[in-house]
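Only one structure is covered here, and it is reproduced in the block below.
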Amino acid sequence: MTSATNGTRSYTLRIWRQSDNASPGALVEYRVEDIDAQMSFLEMLDHLNDTLERKGELPVAFESDCREGICGMCGIVIDGRPHGPVPNLTTCGLRMREFESGATITIEPFRASAFPLVRDLVVDRSSFDRVMQAGGYVSVNCGQAPEANAMPIGKDVAEAAMDSAACIGCGACVASCPNASASLFVGAKIRQFALLPQGQAERTRRARRMVAVMDQEGFGDCSNHGECEAACPKAISIENIAVLRREYLRTLVRR
Amino acid sequence: MNCADPANRYASAALMQTLPFRPWSSIGKKLLNGLTGLLLMLFIAAHLAGNLTLLVGTDAFNAYAEGLHRLGVIVPLAEIGLTALVAAHVLSAVAVYNDRRAARNVRYTMVASKGGSSKQSVFSRSMIVTGGVLLVFLVLHVWQFRFGPSIAEGYVTLLHGEPVRDLYRLVVETFQNPLWVVFYLGVMVLLGFHLRHGFWSAFQSLGLLAPHTRALAFSAGGVVALVIAAGFLLLPIWLFLSADPRAAAGVVMVVP
Numbered sequence: 001m002t003s004a005t006n007g008t009r010s011y012t013l014r015i016w017r018q019s020d021n022a023s024p025g026a027l028v029e030y031r032v033e034d035i036d037a038q039m040s041f042l043e044m045l046d047h048l049n050d051t052l053e054r055k056g057e058l059p060v061a062f063e064s065d066c067r068e069g070i071c072g073m074c075g076i077v078i079d080g081r082p083h084g085p086v087p088n089l090t091t092c093g094l095r096m097r098e099f100e101s102g103a104t105i106t107i108e109p110f111r112a113s114a115f116p117l118v119r120d121l122v123v124d125r126s127s128f129d130r131v132m133q134a135g136g137y138v139s140v141n142c143g144q145a146p147e148a149n150a151m152p153i154g155k156d157v158a159e160a161a162m163d164s165a166a167c168i169g170c171g172a173c174v175a176s177c178p179n180a181s182a183s184l185f186v187g188a189k190i191r192q193f194a195l196l197p198q199g200q201a202e203r204t205r206r207a208r209r210m211v212a213v214m215d216q217e218g219f220g221d222c223s224n225h226g227e228c229e230a231a232c233p234k235a236i237s238i239e240n241i242a243v244l245r246r247e248y249l250r251t252l253v254r255r
Numbered sequence: 001m002n003c004a005d006p007a008n009r010y011a012s013a014a015l016m017q018t019l020p021f022r023p024w025s026s027i028g029k030k031l032l033n034g035l036t037g038l039l040l041m042l043f044i045a046a047h048l049a050g051n052l053t054l055l056v057g058t059d060a061f062n063a064y065a066e067g068l069h070r071l072g073v074i075v076p077l078a079e080i081g082l083t084a085l086v087a088a089h090v091l092s093a094v095a096v097y098n099d100r101r102a103a104r105n106v107r108y109t110m111v112a113s114k115g116g117s118s119k120q121s122v123f124s125r126s127m128i129v130t131g132g133v134l135l136v137f138l139v140l141h142v143w144q145f146r147f148g149p150s151i152a153e154g155y156v157t158l159l160h161g162e163p164v165r166d167l168y169r170l171v172v173e174t175f176q177n178p179l180w181v182v183f184y185l186g187v188m189v190l191l192g193f194h195l196r197h198g199f200w201s202a203f204q205s206l207g208l209l210a211p212h213t214r215a216l217a218f219s220a221g222g223v224v225a226l227v228i229a230a231g232f233l234l235l236p237i238w239l240f241l242s243a244d245p246r247a248a249a250g251v252v253m254v255v256p
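Keeping their order, the protein sequence lines are chains W and S.
At the far end of the first sequence sits residue 255, using this note's numbering, and the numbering has no gaps.
At the far end of the second sequence sits residue 256, using this note's numbering, and the numbering has no gaps.
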């Protein structure tokens with residue numbers, strides 16, 4: 001982890017501190033020194049927390065799990081952008097070489113009424129779980145894995161379904177949306193099933209229920225800004241939102 | 001946190017039953033807003049095409065206006081239809097705006113676009129403002145021309161020997177007033193703003209776009225916004241500068 005060419009760096013961090021959802025929060029300024037350019041953003045925060053703990057202060061609460069870009073836990077807003085400035089990347093994959101030494105970095109939690117704040121940079125994204133509980137599954141018994149060629153699915157269809165299934169549920173779409181809409185998340189989940197034979201039995205119910213719960217959870221409506229697609233670490237296309245609308249319109253005529 | 005909530009309302013029996021299609025759901029509102037927006041754009045295009053007869057001259061424009069009035073029962077039906085389109089478009093847009101305010105109860109200290117494929121712009125961010133201005137303009141515009149001075153007030157001309165409303169005179173007189181010209185020009189620029197995001201967005205709201213057609217629709221939106229705005233901008237400027245001899249002869253500007 002040493003980098004002779006880049007040397008060590010220092011930053012001024014403005015981090016949102018808030019003890020719980022009921023208490024007021026504020027940006028608090030911290031100084032971090034001896035940051036290696038190849039450190040990840042989360043390692044930089046670990047380093048900050050280490051120094052805070054040594055001083056007897058409360059560490060900054062943030063979420064992380066896999067630290068390899070697939071679990072969807074580490075979403076925070078860095079200088080106004082969910083997961084930071086680099087496209088198609090989660091916060092854990094973001095390296096400090098992206099930030100010039102001496103820079104001031106503002107770090108805030110994902111902000112949406114449907115993502116109530118837990119502490120500091122940690123928000124409760126269980127509203128996504130409840131949207132999934134409403135229809136993000138296949139409950140028909142498909143039996144054992146069929147013979148591979150018994151149910152032909154075109155390569156293009158399989159790829160398209162996989163593109164939607166790449167969603168890790170991190171919530172960056174909601175965080176980046178000026179309206180705090182969950183349309184990209186819900187669209188990806190609905191399209192993933194709508195494309196495949198296993199998803200057909202519950203297709204109509206799924207669209208109606210997931211849209212109903214999305215609305216009840218207090219997410220905003222989409223205004224087609226397309227910011228979600230740019231902010232998505234998995235580059236999930238807003239075509240998924242177009243499909244969401246087609247699938248919902250389809251429920252007008254289908255049972 | 002809420003997962004452990006025993007009153008988890010989504011495990012309730014009500015949701016397990018079949019829900020109806022809800023026109024006022026988040027998706028229903030977008031379908032409605034997109035469809036009405038698309039139809040209103042068609043109207044605007046037709047309106048511009050009709051207005052271009054102003055460039056031809058007095059009789060061409062009055063004949064066009066009279067031709068529309070001769071459509072009989074279609075006229076009040078079209079008026080009701082257009083009013084309904086505007087109402088549905090405005091109400092669904094205002095609902096989206098209200099939900100947006102509720103959906104983020106704490107605002108960010110710092111917001112930046114990620115760039116890349118994002119379509120977020122001054123045009124997309126100002127839809128509610130440009131739409132609001134267009135609505136105020138629409139009321140004023142209809143009051144000014146639809147309910148403005150007609151044959152009874154002396155705005156009459158002969159067309160093929162028949163007395164008809166001299167709408168051309170009203171239009172020309174209106175655009176002799178620099179204040180009206182500036183007002184119309186300003187609003188038409190904002191119409192261009194609204195269409196810049198609205199054109200492609202309407203297709204997306206109706207679920208019609210795949211990645212390759214989206215690029216096409218987005219580019220076409222720029223052309224449509226430019227052409228429509230330029231067309232509507234041309235007319236007041238043309239009429240103001242061409243100093244119609246009848247208006248210049250001292251006809252008093254009539255503000256309804």
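We put the CB at the ideal spot given by N, CA and C, even for glycine.
At a cut-off of 8 Å between C-beta atoms, S:Asp-59 does not count as an interface residue with respect to chain W. For S:Glu-162, no alpha helix (DSSP H) segment is defined; the enclosing uninterrupted segment is the beta strand (DSSP E) at 162-165. Contact of W:His-225 with chain S is assigned, a C-beta pair being separated by under 8 Å.
S:Val-106 reaches chain W at Arg-111, counting residues in chain order whose Cβ is nearer than 7 Å.
From the listed residues W:Val-60, W:His-225, W:Glu-68, the smallest Cα separation to W:Asp-46 is found for W:Val-60.
Your pair S:Val-133 and S:Leu-190 checks out as a contact, with CB atoms roughly 5 Å apart and the cut at 8 Å. Secondary structure of W:Ala-26 (DSSP, three-state): strand. Under the Cβ criterion of 8 Å, W:Thr-90 is not counted among the residues facing chain S. Annotated three-state conformation of S:Glu-173 is helix, per DSSP. Rounded to the nearest angstrom, the Cβ distance from W:Met-73 to W:Val-131 is 17 Å, too far for a contact under 8 Å. In the three-state scheme derived from DSSP, where H, G and I count as helix and E and B as strand, W:Thr-90 is classed as coil. When C-beta distances to chain W are compared with 8 Å, the residues of the segment 90-120 of chain S below that value are Ala-95, Val-96, Asp-99, Arg-100, Ala-102, Ala-103, Arg-104, Asn-105, Val-106, Arg-107, Tyr-108, Thr-109, Met-110, Val-111, Ala-112, Ser-113, Lys-114, Gly-115, Gly-116, Ser-117, Ser-118, Lys-119, Gln-120, in chain order.
Among the residues of chain W, those whose CB is under 8 Å from the CB of S:Phe-21 are Arg-208, Tyr-248, Thr-251, Leu-252, following chain order. Under DSSP, W:Trp-16 forms a beta bridge with W:Leu-27.
Per the Cβ contact rule, the segment 181-190 of chain S is not in contact with the segment 164-172 of chain S (fewer than 3 Cβ pairs under 8 Å). Buried is the label assigned to W:Thr-106, since at least 16 other Cβ atoms lie within 10 Å of its Cβ. The alpha-carbon separation between S:Gln-204 and W:Gly-226 amounts to approximately 10 Å. The beta carbon of S:Leu-42 sits closer than 8 Å to none of the beta carbons in its chain outside the five residues before and after it. DSSP places W:Thr-106 in the strand class (E or B) of the three-state scheme.
Between W:Ala-242 and S:Leu-208, the C-beta spacing is below 8 Å.
Residue state for W:Tyr-11 is assigned as strand, using DSSP reduced to three classes.
For the segment 161-248 of chain W, the full-length alpha helix (DSSP H) segments reaching 4 residues or more read 172-176, 183-194, 203-216, 227-231 along the chain. Restricting attention to W:Lys-55, W:Ala-231, W:Val-138, W:Phe-62, the CA atom closest to the CA of W:Ile-15 is found in W:Phe-62. Neighbours of W:Leu-45 in chain S, taken as residues whose beta carbon is under 7 Å from its own, are absent, since the nearest beta carbon is some 17 Å off. The three-state reading of DSSP puts S:Val-106 in coil, since its state is none of H, G, I, E or B.
Where W:Leu-121 is concerned, there is no enclosing beta strand (DSSP E), because DSSP gives it neither an H nor an E. Counting only the Cα atoms, S:Gly-28 lies some 32 Å from S:Phe-232. Following the DSSP letters along the chain, one finds S:Leu-159 inside the beta strand (DSSP E) bounded by residues 156-159. Around the beta-carbon of W:Thr-12, fewer than 16 other beta-carbon atoms lie within 10 Å, marking it exposed. In the three-state DSSP reduction, S:Ile-74 falls in the helix class (H, G or I). Put simply, the CB of W:Arg-119 is far from chain S, with every gap to its CB atoms at 8 Å or more. Excluding sequence positions up to five before and after W:Lys-189, its CB lies within less than 6 Å of the CB of Gly-136, all in the same chain and listed in chain order. Annotated three-state conformation of S:Ser-121 is coil, per DSSP. Taking one beta carbon from each stretch, the segment 94-101 of chain W and the segment 35-45 of chain W have 3 or more pairs nearer than 8 Å; the two touch.
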